[in-house]
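These notes are about the structure you will find just below.
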Amino acid sequence: MLDRAYPLKAFAVMTAATFACRLFPFLVPRRLHDSRHLLFVGDSLPASAMLLLVVYCLKDTRFAAPPYGAPELLCVALVVALHLWRRNSLLSIGAGTGLYVFFLRSGLFERLFR
Amino acid sequence: MIESARREAFKTVLPVLVGLVPTGVAFGLLFNTLGYPWYYAVLSGLFVFAGAAQFLSVGLLAAHAGLPAIFAATLVLNARHIFYGFSLTKRFPQNGWRRWYQIFTLTDETYSLLTAAKHRSREDDERFSLWVAGLIHAFWVAGCAAGAVIGRGARLETKGLDFILTAVFVVLAVEQALRVRRIFPFAVAGAAAAVSLAFFPGRMLLASLAMVTAVLLGQAEFGGGARA
Chain A
582 MLDRAYPLKA FAVMTAATFA CRLFPFLVPR RLHDSRHLLF VGDSLPASAM LLLVVYCLKD
642 TRFAAPPYGA PELLCVALVV ALHLWRRNSL LSIGAGTGLY VFFLRSGLFE RLFR
Chain B
-7 MIESARREAF KTVLPVLVGL VPTGVAFGLL FNTLGYPWYY AVLSGLFVFA GAAQFLSVGL
53 LAAHAGLPAI FAATLVLNAR HIFYGFSLTK RFPQNGWRRW YQIFTLTDET YSLLTAAKHR
113 SREDDERFSL WVAGLIHAFW VAGCAAGAVI GRGARLETKG LDFILTAVFV VLAVEQALRV
173 RRIFPFAVAG AAAAVSLAFF PGRMLLASLA MVTAVLLGQA EFGGGARA
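Residue numbers (this note's numbering), protein chains in the order written: chain A, 582 to 695; chain B, -7 to 220.
Structure (structure tokens):
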């Protein structure tokens, strides 16, 4: 039985977190807007955060046992290569996910590593 | 002038809708696979109003993640928004509901459209900004609703589709790499992720975000890192 209140609580929490992020600059006093700390963190943190999220998504992958995370790593490599080549988000995401679905449902790697 | 601000907003938003609406539809379809009422996807679009975070929530809800974990994940994901508003603090209405709505709707899309728009009179600009934000918001919710309604009843085979989220973040990371053109932010993130997975596996995102912020602040203070 699904707990119908759970997603609504989750939405409330997410709305609060998202709004807090968007509100932050409007709470910082104006004289601090040009501080080099803020500029440097503002320039670098978004890049760091995206890598953290990639790691977060892959953290439950088992790299120590066959197929050693090969489907995930190959698909990530495809997304990176495609995106550097065409810079078309829908194409990169679609092709990477398509390949992953194929790997999983075809059982290709189970056969390769048997 | 009212007329022209609105028409201009429509013209500005149109190219973005090509990517925005299908993404909303995809979210609606994916959210439906969880088995909750279809209009939950609409509520998510209306209130959370953050594409990547909404996709992330599908995985978290499926895994029955706790609310603190959901909060942390959303915070990390939207950390990039923390710095969006700085260039808009003077431009947005100084008070009233319009100010709050403009802040609430400060997504990647509205941010890039508003900062790219050329200057005009204050009154016209406030009208234009409100229309841009309102249109993006409305079309996003419509996309989510369309996806949810289309997906209603249909049982989609979802095995492997969770990779969408990984792919979204990989794309965003590549975009960031092309923008910053430095290895440092990624090296710090990689190290922080490794340390927090080893020591705080249940709090990986929040722990590593704190570490990254501390290291970046240290670099700005001592490393002469004030590029930007």
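Even for Gly, the Cβ is constructed at its ideal location relative to N, Cα and C.
What are the residues of the region 73 to 90 of chain B that lie near chain A, defined by any Cβ-Cβ distance shorter than 9 Å?
H73, I74, F75, Y76, G77, F78, S79, L80, T81, K82, F84
Just reading off the alpha helix (DSSP H) that A/H618 is part of, what are its end residues?
617 to 639
Assign B/R219 to one of two classes, buried (16 or more other C-beta atoms within 10 Å of its C-beta) or exposed (fewer than that).
Residue confidence for B/R219 is low, a pLDDT of 49 falling below 50, so the modelled location carries little weight; the figure read from the coordinates is stated next. Per the 10 Å Cβ criterion, exposed.
Assigned secondary structure, B/H56 (DSSP; H/G/I helix, E/B strand, else coil):
coil
Could you work out which residue in A/D641, A/F600, A/P588, A/L589 is closest to B/A42 when comparing CA atoms only?
A/F600
Could you check what DSSP says for B/A220 in three-state terms: helix, strand or coil?
Low local confidence applies: a pLDDT of 44 at B/A220 is under 50, so the model's placement there is unreliable, with the coordinate-based value given in what follows. Looking at B/A220 - three-state DSSP - the assignment turns out to be coil, as it is neither helix nor strand.
Please give the ranges of any alpha helix (DSSP H) in the region 133 to 211 of chain B, keeping only runs that are unbroken, at least 4 residues long and fully inside the region.
155 to 172, 176 to 191
Taking 7 Å as the cut-off, decide whether the C-beta atoms of B/G143 and B/L59 are in contact.
no
Between A/S687 and B/L48, what straight-line distance do the alpha-carbon atoms span, to the nearest angstrom?
26 Å
With a threshold of 7 Å on Cβ separation, who are the neighbours of A/F644 within its own chain once the five nearest residues in sequence on each side are excluded?
G650
Classify B/S104 as buried or exposed, calling it buried when 16 or more other Cβ atoms lie within 10 Å of its own Cβ.
exposed
Assess contact between the region 628 to 647 of chain A and the region 667 to 687 of chain A, defined as three or more Cβ pairs (one per stretch) separated by less than 8 Å. Is contact present?
no
Interface residues of chain D around A/F644 at Cβ under 9 Å?
No chain D appears in the structure shown, which is made up of the protein chains A and B.
Could you pull the start and end residues of the alpha helix (DSSP H) that B/D100 belongs to?
100 to 108
What would DSSP say about B/Y32, mapped onto helix, strand or coil?
helix
Along chain B, which residues have their Cβ under 8 Å away from the Cβ of A/G650?
Chain B residues near A/G650: none, gap ~12 Å exceeds 8 Å.
Residue-chain proximity (B/P177, chain A), Cβ-Cβ < 7 Å:
yes
Within 10 angstroms of the Cβ of B/L170, are there 16 or more other Cβ atoms? Answer buried if so, exposed if not.
exposed
Is the Cβ of B/T25 closer than 7 Å to any Cβ of chain A?
no
Under a Cβ-count criterion, where at least 16 other Cβ atoms within 10 Å of its own Cβ denotes burial, should B/W132 be classed as buried or exposed?
buried
Using the three-state DSSP reduction, which class does B/N24 fall into: helix, strand or coil?
helix
Using alpha carbons as the reference points, say which of A/P647, A/A586, A/V622 lies closest to B/A181.
A/V622
Using a C-beta to C-beta distance shorter than 7 Å, which residues of chain A count as neighbours of B/S36?
F592
Among the residues of its own chain, which have a CB less than 6 Å from the CB of B/V204, if the five just before and after it don't count?
V180, A181, A184
Is the beta carbon of B/A71 sitting closer than 7 Å to the one on A/L663?
no
At a CB-CB cut-off below 8 Å, which residues of chain A make contact with B/L189?
V636, K640
Inter-stretch contact at 8 Å, needing at least 3 Cβ pairs: the region 8 to 23 of chain B / the region 119 to 133 of chain B:
yes
B/S49 - DSSP class collapsed to helix/strand/coil:
helix
I want to verify the contact list: residues of chain A whose CB lies under 8 Å from the CB of B/V204, in sequence order.
L626, S629, A630, L633
Please go through the same chain and pick out, in chain order, the residues whose beta-carbon is closer than 7 Å to the beta-carbon of A/A676, but skip the five residues on each side of it.
L659, L663
In chain A, which residues lie less than 8 Å from B/T102 when you measure between Cβ atoms?
Per Cβ cutoff of 8 Å: no residues; B/T102 is ~10 Å from chain A at best.
Counting only Cβ pairs nearer than 7 Å, list the residues of chain A close to B/I142.
By Cβ distance, chain A contributes nothing, its closest Cβ being about 18 Å from B/I142, past 7 Å.
Pairs of beta-carbons, one from the region 73 to 87 of chain B and one from the region 114 to 123 of chain B, closer than 8 Å: are there three or more?
yes
With a Cβ-Cβ cutoff of 7 Å, do B/L197 and B/A65 count as a contact?
yes
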